[in-house]
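Here's the structure, in structure tokens; my notes come after.
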Amino acid sequence: MSLDTLKRNSGLDKLLTAVQKDTAPVEKQSYVDERFWKPELDKTGNGYAVLRFLPAPDGEDLPWAKVWSHAFQGPTGQWYIENSLTTLNQKDPVSEANTVLWNTGNEADKELARKRKRKLNYYSNVLVVSDPKHPENEGKIKLFKYGKKIFDKLMEAMNPEFEDEKPLNPFDFWSGADFKLKIRKVDGYWNYDKSEFDKPNALFDGDDPKLESLWKQEFSLAEFTSATNFKSYDELKERFDRVIAGSKTVGNVADLTDTEPAPVEQSVDTEESTNDDSMSYFEKLAQE
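Right, dumping it as structure tokens:
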């Protein structure tokens, strides 16, 4: 740039404009995935919604995806929030460390393993039939993340316990049923025991064109168990070591054989976390 050009551009207005751009507030990035639907409690501490579980997306075998994960805080104050490689039937450093802790027989070590236990979540496509807290969601397809308690209700519908109960495929367009999600707080935790299926009915009165259109709009569930959604063993081990740095080490995880950690994990697996908002916050911390 020549001196003449510099002289022509030496006005104060241009400099002030540049300052305004530089100091303008940066728009906050949203961590909310709009594909997901989440229940909310009302002022009384209860929650209610009606959902219709949908069939497997076109080209996929199951109407749900099953994912194991870990979420715990280490002595460093950092959080470990990662998908577990046991989802893919692979070795996972946290599961291995939990196995070492559990096998010491020491109750303090067992308690630490329990705190670091796996969490089981499922993902399904649902049609939001009724959402009193957010009626704008009604009629939309959403992804629904849920735990073992709700999954057990799906299994109970498909495999009823008593002879006078007819099996129900809750994911079927024609012979399925609406799911009335009822949430109460029991001892400070979300409880789903009151949730139940309505009477079987054909969605959209069995209108095939409408059903096909709905089906084509479903989200893929395969992505949740895709290898791309899981860090490598070495990456997870590095993160795990950083989170627990300075904590007591029991045994040598590297010396573990091919012993399957599943039996130990079954002993310490979590039931169901109920604070989705907290988990969203923890997910942000995990990126730090």
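Using my numbering, the first residue of the sequence shown is number 131, and each one after it goes up by one.
By construction, the Cβ of each residue, glycine as well, lies at the ideal position given by its N, Cα and C atoms.
Since this is a predicted model, take the numbers as computed values, not measurements.
When we look at the beta-carbon of R429 and count the other beta-carbons within 10 Å, is it buried (16 or more) or exposed?
Residue 429 is absent from the model: the chain starts at 131 and stops at 418.
Can you tell me whether D388 is helix, strand or coil according to DSSP?
Since pLDDT at D388 reaches only 37, below the 50 mark, its modelled position is unreliable, and the value read off the structure follows with that caveat. Coil.
Beta-carbon proximity check, L218 vs F301, cutoff 8 Å:
Cβ atoms of L218 and F301: not closer than 8 Å.
Under the three-state DSSP convention, the category F292 falls into
coil
Is the CB-CB distance between G269 and V373 below 8 Å?
Pairing G269 with V373 gives a Cβ-Cβ distance that is not under 8 Å.
Would H200 be called buried (16 or more neighbouring beta carbons within 10 Å of its own) or exposed?
buried
Going by DSSP, what residues sit across from Q203 in a beta bridge?
Note: Q203 sits in a beta bridge opposite W209.
Go through its chain and collect everything with a Cβ distance to G336's Cβ below 8 Å, but skip five positions before and after it.
F303, W304
Alpha carbon of T206 to alpha carbon of A227, nearest angstrom:
17 Å
Quick check: W198 and V258, are their CB atoms within less than 8 Å of each other?
In this structure, the beta-carbon distance from W198 to V258 does not fall below 8 Å.
For the alpha helix (DSSP H) containing F370, list its first residue and its last residue.
363-374
Please report the Cβ distance between M288 and P297, rounded to the nearest whole angstrom; I am assuming they are in contact, meaning their Cβ atoms lie under 8 Å.
6 Å
With DSSP collapsed to three states, give me the class of R246.
coil
Here's a check: name, in chain order, each residue in its chain whose Cβ is nearer than 6 Å to the Cβ of K263, leaving out the five neighbours to either side.
E170
Taking C-beta to C-beta, are E348 and I280 nearer than 8 Å?
no
In chain order, which continuous runs of the alpha helix (DSSP H) of length 4 or greater are located wholly inside the region 277-335?
Here the runs fully enclosed are 278-288.
Assuming L231 and D222 make a contact with CB atoms under 8 Å, what is their CB distance in whole Å?
14 Å between Cβ atoms; not a contact.
Within 10 angstroms of the Cβ of K324, are there 16 or more other Cβ atoms? Answer buried if so, exposed if not.
Exposed, since its Cβ has fewer than 16 Cβ neighbours within 10 Å.
Whole angstroms is fine: what's the gap from F334's alpha carbon to D191's?
In a straight line, the C-alpha of F334 is about 23 Å away from that of D191.
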